[in-house]
Amino acid sequence: MASIPVVRQAPAINELPWQTIGICERIASVAILTALSPLLAGSALAVAVASRRSPFIAHRRVGWRGETLWMIKLRTMWDAEPRSASRWIERVGDGSYAEDKHPADPRVPNWFARFCRRHSVDEIPQLWHVIRGQMSLVGPRPATTEELRRYYGADAEEMLRVRPGMAGLWQISGRNRLTYAERKKLDLKYVRERSARMYLKILLRTVPEVLTGANTW
Numbered sequence: 006m007a008s009i010p011v012v013r014q015a016p017a018i019n020e021l022p023w024q025t026i027g028i029c030e031r032i033a034s035v036a037i038l039t040a041l042s043p044l045l046a047g048s049a050l051a052v053a054v055a056s057r058r059s060p061f062i063a064h065r066r067v068g069w070r071g072e073t074l075w076m077i078k079l080r081t082m083w084d085a086e087p088r089s090a091s092r093w094i095e096r097v098g099d100g101s102y103a104e105d106k107h108p109a110d111p112r113v114p115n116w117f118a119r120f121c122r123r124h125s126v127d128e129i130p131q132l133w134h135v136i137r138g139q140m141s142l143v144g145p146r147p148a149t150t151e152e153l154r155r156y157y158g159a160d161a162e163e164m165l166r167v168r169p170g171m172a173g174l175w176q177i178s179g180r181n182r183l184t185y186a187e188r189k190k191l192d193l194k195y196v197r198e199r200s201a202r203m204y205l206k207i208l209l210r211t212v213p214e215v216l217t218g219a220n221t222w
């Protein structure tokens with residue numbers, strides 16, 4: 006099958022404010038990751054003990070301009086998974102698709118794993134990608150190659166013209182309760198209409214969503 010095209014283009018003049026935002030994001034991400042490091046370390050230890058596997062996994066996603074992104078997450082699924090070697094971070098394939106997810110997913114084995122997913126503790130390691138410039142705090146969530154082909158089609162290239170984000174428009178508009186068609190519509194709305202005001206609005210609304218665990222199963 007043909008691969009997703011790599012999008013390469015010189016930054017436009019209207020991208021200059023986003024370069025400034027990107028610098029601010031990196032600085033903020035260092036501070037946030039430092040502040041949350043005790044929570045992340047304790048959670049990783051709990052996952053390692055409970056699962057007897059590596060506490061972190063790296064899912065393959067299509068990143069900015071079509072580059073491969075190994076997106077790091079805290080492991081929250083391990084029942085019915087093959088045991089891995091004792092690597093600190095285990096690399097896995099494209100992962101599950103939206104229609105494969107279910108509130109009673111047997112691979113999410115206990116209350117702690119569900120808590121991490123509900124409150125996005127498993128997403129904290131992705132601050133490292135923001136620091137490296139691979140992701141943004143706000144943007145479309147990184148998709149797999151199959152998801153881009155299946156759900157975004159001809160719009161996939163447009164999606165890849167902005168950095169994928171830890172939070173996005175659909176995460177504050179229903180999160181897991183949305184269909185993929187609804188997610189695509191909101192992702193494209195962000196890409197086509199993004200502004201500093203929209204960026205800040207999403208960022209501020211993400212905080213209560215994460216703290217309350219709203220709109221998750």
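Quick note: the sequence shown uses the numbering used here, first residue 6, plus one each step.
A virtual CB, placed ideally from N, CA and C, is assigned to each residue, including glycine.
Remember, predicted model here, so these are calculated numbers, not experimental data.
- Distances from the CA of Leu38 to each of Arg122, Ala63, His134 and Arg146 were compared; the closest alpha carbon is that of His134.
- Rounded to the nearest angstrom, the Cβ distance from Ile77 to Gln131 is 6 Å, consistent with a contact under 8 Å.
- In this structure, the alpha-carbon of His124 lies about 27 Å from that of Tyr157.
- One Cα belongs to Val54, the other to Trp116, and the distance between them is close to 15 Å.
- Taking all protein chains shown into account, Val212 has fewer than 16 neighbouring C-beta atoms within 10 Å of its C-beta and is therefore exposed.
- Put simply, of Phe120, Ala40 and Leu74 the residue whose alpha carbon is nearest the alpha carbon of Pro147 is Leu74.
- Relative to Trp23, the option among Leu50, Leu142, Val97 and Ala186 whose CA is nearest is Leu142.
- Rounded to the nearest angstrom, the gap between the Cα atoms of Leu205 and Gly27 is 13 Å.
- Per DSSP, the beta bridge partners of Val143 are Ala172.
- With contacts defined as CB atoms closer than 9 Å, Ala118 and Thr81 qualify as a contacting pair.
- Taking 9 Å as the cut-off, the Cβ atoms of Val215 and Arg166 do not count as close.
- The beta carbon of Ser34 sits closer than 6 Å to those of Leu132, Val135 and Ile136, all from its chain and outside the five residues before and after it, given in chain order.
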